[in-house]
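All the letters of the first sequence, read from the start, carry residue numbers -19 to 448 under my numbering.
Ideal Cβ positions, reconstructed from N, Cα and C, are used throughout, including at glycine.
Remarks on the structure that follows.
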Amino acid sequence: MAVASVPGKTLAELFLSPPRQAEPCVVRGWVRTRRTTRTVSFVELQDGSTLRALQVVFAHDRVPRERIEAELHTGAAVEIAGLLVPTPDRPQPLELQAERYHLYGPADPTTYPLQKKAHSLEFLREIAHLRARTRTFQAVFRLRSGISFAIHEYFQTRGFVYVHTPILTPSDCEGAGQLFCVTTLPLAQVPKRPDGQVAYERDFFGRPAYLTVSGQLEAELLAMGLGKVYTFGPTFRAEPSHTPRHLAEFWMIEPEMAFYDLAATMDLAEDFLKFLARYALTHYTEELAFLAERYEPNLLPEIEAVVQAPFLRLSYTEVIEILQKSGKNFTFPVSWGSDLQAEHERYLVEEYARKPVMVYNYPRAIKAFYMRQNEDGATVASFDVLFPRIGEIIGGSQREERYDVLVRRMQELGMDLFPYKGYLDIRRYGSVPHSGFGLGLERLLLFLTGLTNVRDVIPFFRAAGQMA
RNA sequence: GCCCGCUUAGCUCAGCGGUUAGAGCAUCUGGCUGUUAACCAGAGGGUCGCAGGUUCGAAUCCUGCAGCGGGCGCCA
């Protein structure tokens, strides 16, 4: 059979508007399973457009059984032409009665790693190139796509400008982990200056260059002219974190708004997360139901709770009091001034509040230089959003817009002001209060999918010592 | 970076000092009046992660290494 020249319908389209009576149809996809009896064979076909599979019936008097058994194995790519018929009295609403088929690419069952059974996520990580063949990853990647679209929709319909901040940067954005250095210098024989230092003036940019750890500093500059902006792109951290929540390359969303103070930004962050949770529930019902059944029985109630319940807002100081009164025996002692540990955050979210918590006004000593100093002289206008299961999902702050205060803080920390000339400049000319936050896309997806390892919510993961 | 655990058939696992190492699923062969995680019968498939050590004897105990997973730290 020749390959049909017209694009066939996707299975999603077929299931969305099933035929009332039998009609000719061409479908394309990959074989998920096959069952054979004496007179007929059944093939379940998937094409990635929906989690549902189309049952294709091959009568052996029409299509030889020997050919079906030799070719239609799990994973084989095929085009099938036949009669699409409604089957209201069967478990599936419709099926395709095959007339003929074309085998695009076979899949040798003795070597093809995927079987018609559930595989462990750990095993699938070893064959990341085949993960898109599985329903779990089809659900995850479709959800990732939809959430990415929803993120743009949210900001675009609220007057934000999508800005592309550089991936290659000269500056080491303080307090955001270690950087990947980018160079064209020969690593085997790095040119050195007489004093032994690397001769960066001979490197590609004539100075050190890194992969960005955050678009925030540039977003701030753009917000100082465009008003409300957001970035949405890859971010790189060379921190060797060996946890299920960290990647070396991950995607981050960073809105930055002129004239927003801390409270307005916290309102935005909460509204934003509620919007995305609602979007997932209404547009990805099928995927969420599948993921809930497979991985996290409590998934839907948890997402519902994010949509419904107002997040609990507590100042850092209140949190310290709550933790001290909790009667819990924490491994890390609770005292004002020390950072909240994972165990503290978990108690707060999962036992005390039982819903998302926003903690604000952290001690200045444990936060980044750019966060706006509060009048009390002890705290900065920062906030974290803590989610059940995930922990920190958003970190943000009002930025220090006062030139003198900012410079004094940077000097206090012994920072070199030179690389921050532009950043400081916007504080000298027409400076205004402004704020922003960063949302980790993969962490949000952990929450929405019920999965527990960020390597499973990005198609090809890059983590310390691992490149899928 | 620190701590803990795991590594046995293609996959998921059992066996935890004593003959030729097992199960389910997958694969292959045959059967079955439409199945739907199909079913029934049979077959093939393993240097028990790698390297040392202890022992009459090691998949099993010890040491080192590697890979993977988890906890903590750092953070998104």
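Across which residues does DSSP place residue i in a beta bridge pair?
i: residue 57; result: 10, 85
i: residue 231; result: 214
i: residue 395; result: Partner(s): none; residue 395 has no beta bridge.
i: residue 77; result: 37, 63
i: residue 417; result: 376
i: residue 209; result: 141, 236
i: residue 172; result: 178
Just verifying my parser: in three-state terms, what is the DSSP assignment at residue i?
i: residue 390; result: helix
i: residue 353; result: strand
i: residue 442; result: strand
i: residue 158; result: coil
i: residue 92; result: coil
i: residue 22; result: strand
i: residue 292; result: strand
i: residue 401; result: helix
i: residue 437; result: coil
i: residue 178; result: strand
i: residue 330; result: helix
i: residue 236; result: strand
i: residue 286; result: helix
i: residue -10; result: coil
i: residue 461; result: Because the chain in this structure spans residues -19 to 448, residue 461 falls outside the shown range and cannot be described.
i: residue 16; result: strand
For residue i, report the span of its beta strand (DSSP E) as first-last.
i: residue 379; result: 371 to 379
i: residue 338; result: 337 to 343
i: residue 2; result: That residue, residue 2, is in no beta strand (DSSP E); it is neither H nor E in DSSP.
i: residue 189; result: 189 to 191
Within 10 Å of its beta-carbon, does residue i have 16 or more other beta-carbons around it, so buried, or fewer, so exposed?
i: residue 231; result: buried
i: residue 80; result: exposed
i: residue 176; result: exposed
i: residue 447; result: exposed
i: residue 347; result: buried
i: residue 316; result: exposed
i: residue 43; result: buried
i: residue 103; result: exposed
i: residue 357; result: exposed
i: residue 430; result: buried
i: residue 436; result: buried
i: residue 119; result: buried
i: residue 412; result: exposed
i: residue 144; result: exposed
i: residue 388; result: exposed
What residue range is occupied by the uninterrupted alpha helix (DSSP H) comprising residue i?
i: residue 147; result: Unbroken run through residue 147: none, as it is neither H nor E.
i: residue 325; result: 322 to 326
i: residue 259; result: 242 to 263
i: residue 126; result: 115 to 136
i: residue 296; result: 296 to 305
i: residue 363; result: That residue, residue 363, is in no alpha helix (DSSP H); its beta strand (DSSP E) goes 359 to 367.
i: residue 275; result: First-last for residue 275: undefined, no H or E at that position.
i: residue 205; result: 196 to 206
i: residue 50; result: 45 to 51
i: residue 106; result: 101 to 106
Taking 7 Å as the cut-off, is the C-beta of residue i nearer than that to any heavy atom in the ligand GTP?
i: residue 230; result: Summarising the ligand content, the structure contains no ligands, and the ligand GTP is consequently not present.
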